[in-house]
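Okay, structure first, notes after.
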Amino acid sequence: MSDADGAWVSLFSGGKDSAWALYRALERGLNVERLVTVHPTGDSYMYHVPATELAGLAAESIGIPLLEVEPEDFGADTATDSSVQGDDELEPLEAALRELDAELPGGIAGVTAGAVESEYQTSRIEAMCERLDCDLFAPLWREDPRELADAMLAAGFEIRIIRVAAYGLEESWLGRTIDADALAELEELNREYGVHVLGEGGEFETLVVDGPHMDRRIDLAYETEWDGTRGTLRVTDARLE
16 MSDADGAWVS
26 LFSGGKDSAW
36 ALYRALERGL
46 NVERLVTVHP
56 TGDSYMYHVP
66 ATELAGLAAE
76 SIGIPLLEVE
86 PEDFGADTAT
96 DSSVQGDDEL
106 EPLEAALREL
116 DAELPGGIAG
126 VTAGAVESEY
136 QTSRIEAMCE
146 RLDCDLFAPL
156 WREDPRELAD
166 AMLAAGFEIR
176 IIRVAAYGLE
186 ESWLGRTIDA
196 DALAELEELN
206 REYGVHVLGE
216 GGEFETLVVD
226 GPHMDRRIDL
236 AYETEWDGTR
246 GTLRVTDARL
256 E
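Following my numbering, the residues of the sequence shown are numbered contiguously, the last one being 256.
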């Protein structure tokens, strides 16, 4: 379905992991011609959920066209079994990629993904890429979390925390920029409570508001929503500076 001169597609949420996979792909010289964002409804076994609506702003800053897969593309299946739901959630993404494969000159050569440790996500994305007959570029896969975080900061990523859902992460973490001090605190929370330094288990979610792959920084205005144990940023305004 694809050839060596085909296009690369980046699975993109606006969060740090997918943004890092995209950045590394561009660094490597891969021909990334589309970003693809899935907007899941409610909690998701497969996708980064909060603030995916800001992916369009990030894509504008990055300068790569964005394809958005909307909630209605998921159909009405409400299966609660994670394996079944994950497969169902993948169907509209795969359908969108098949359309892109037919549309792009040379087809899809490969897909980038920001998976770090999730066998659940990675095995499904790998199987999808096999069906699409394209390569998978997953530069974060099984890398050391602290080394990855340090590399992101060294590259110039500005990463904001937009959701927290773990014991030890208080409301004060909402909106916080991840820097060396924050990483040191996250390592302490990892030792004390098992919080993953990169939030890989859903402990926290992020938005990259600036980086070397972006022409303009995303400026956010927001309020925090906190229920006593977990919370989310409610973005009231977002614009490119």
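The beta-carbon is built from N, C-alpha and C at its ideal position, and this holds for glycine as well. Just so you know, these numbers come straight off a predicted model, no measurement behind them.
Three-state secondary structure (DSSP) of THR244: In the structure shown, THR244 sits in coil (DSSP, three-state: anything other than H, G, I, E or B).
Cα-Cα separation, GLY318 to ILE233: Not covered by the structure: residue 318. The range shown for the chain is 16 to 256.
3-residue-minimum beta strand (DSSP E) runs that sit fully inside the region 143-211, ordered along the chain: Taking 3 residues as the shortest admissible run, the region 143-211 contains the following complete beta strand (DSSP E) segments, listed from N- to C-terminal end: 150-152, 173-179.
Range of the contiguous beta strand (DSSP E) that encloses LEU50: Its beta strand (DSSP E) spans residues 47-53.
Neighbour-count burial assignment, TYR38, 16 or more Cβ in a 10 Å radius: Answer is buried; the Cβ neighbour count reaches 16.
Beta carbon of ARG49 nearer than 7 angstroms to that of LEU82: In this structure, LEU82 lies closer than 7 angstroms to ARG49 by Cβ.
THR221, buried or exposed, once every other Cβ within 10 Å from all chains shown has been counted against 16: Counting Cβ neighbours within 10 Å, THR221 comes out buried, since at least 16 surround it.
Contact belief for ARG157 with GLU173 at Cβ below 8 angstroms, rounded distance in angstroms: Not quite, the Cβ-Cβ distance comes to about 26 angstroms (not below 8 angstroms), so this is no contact.
Rounded C-alpha distance that separates GLY214 from GLY183: For GLY214 and GLY183, the distance between alpha carbons rounds to 12 angstroms.
C-alpha gap between GLU109 and MET143, whole angstroms: Cα atoms of GLU109 and MET143: separation of roughly 7 angstroms, rounded to the nearest angstrom.
Per-residue DSSP class, three states only, for GLU256: Note: GLU256 maps to coil in three-state DSSP.
Neighbour-count burial assignment, GLU104, 16 or more Cβ in a 10 Å radius: GLU104 is buried by the Cβ-count criterion.
DSSP beta-bridge partners of ARG249: Residue pairing for ARG249: DSSP places it in a beta bridge opposite GLU238.
Cβ neighbours of TRP241 in the same chain (closer than 6 angstroms, five flanking residues each side left out): The answer, listed in chain order, is GLU186.
For GLU215, the three-state DSSP class (helix, strand or coil): Three-state DSSP puts GLU215 in coil, outside helix and strand.
Limits of the unbroken beta strand (DSSP E) element including GLY71: Per DSSP, GLY71 is not a residue of any beta strand (DSSP E); the alpha helix (DSSP H) it occupies stretches across 70-77.
Option nearest HIS228 by Cα separation, candidates LEU235, GLU207, ALA253, SER33: When each option's Cα is compared against that of HIS228, the closest is SER33.
Beta-carbon proximity check, GLU238 vs ARG245, cutoff 7 angstroms: The criterion of a C-beta distance shorter than 7 angstroms is not satisfied by GLU238 and ARG245.
Cut-off 7 angstroms between Cβ atoms - residues of its own chain near GLU207, not counting five sequence neighbours on either side: Excluding positions up to five away in sequence, the list reads GLY183.
Cα-Cα separation between GLY44 and GLU200, rounded to whole angstroms: Between the C-alpha atoms of GLY44 and GLU200 there is a straight-line separation of about 35 angstroms.
Rounded Cβ spacing between ARG175 and GLU202 (contact assumed at less than 8 angstroms): Contact flag wrong, Cβ pair sits at about 19 angstroms.
Cβ-based neighbour list, GLY78, same chain, cut-off 7 angstroms, excluding 5 preceding and 5 following: These residues qualify, in order along the chain: ASP230.
Rounded straight-line distance, which links the Cα of LEU72 to that of GLY129: Taking the straight line joining both Cα atoms gives about 19 angstroms.
Straight-line Cα distance separating ALA117 from ALA166: Those two C-alpha atoms are separated by around 36 angstroms.
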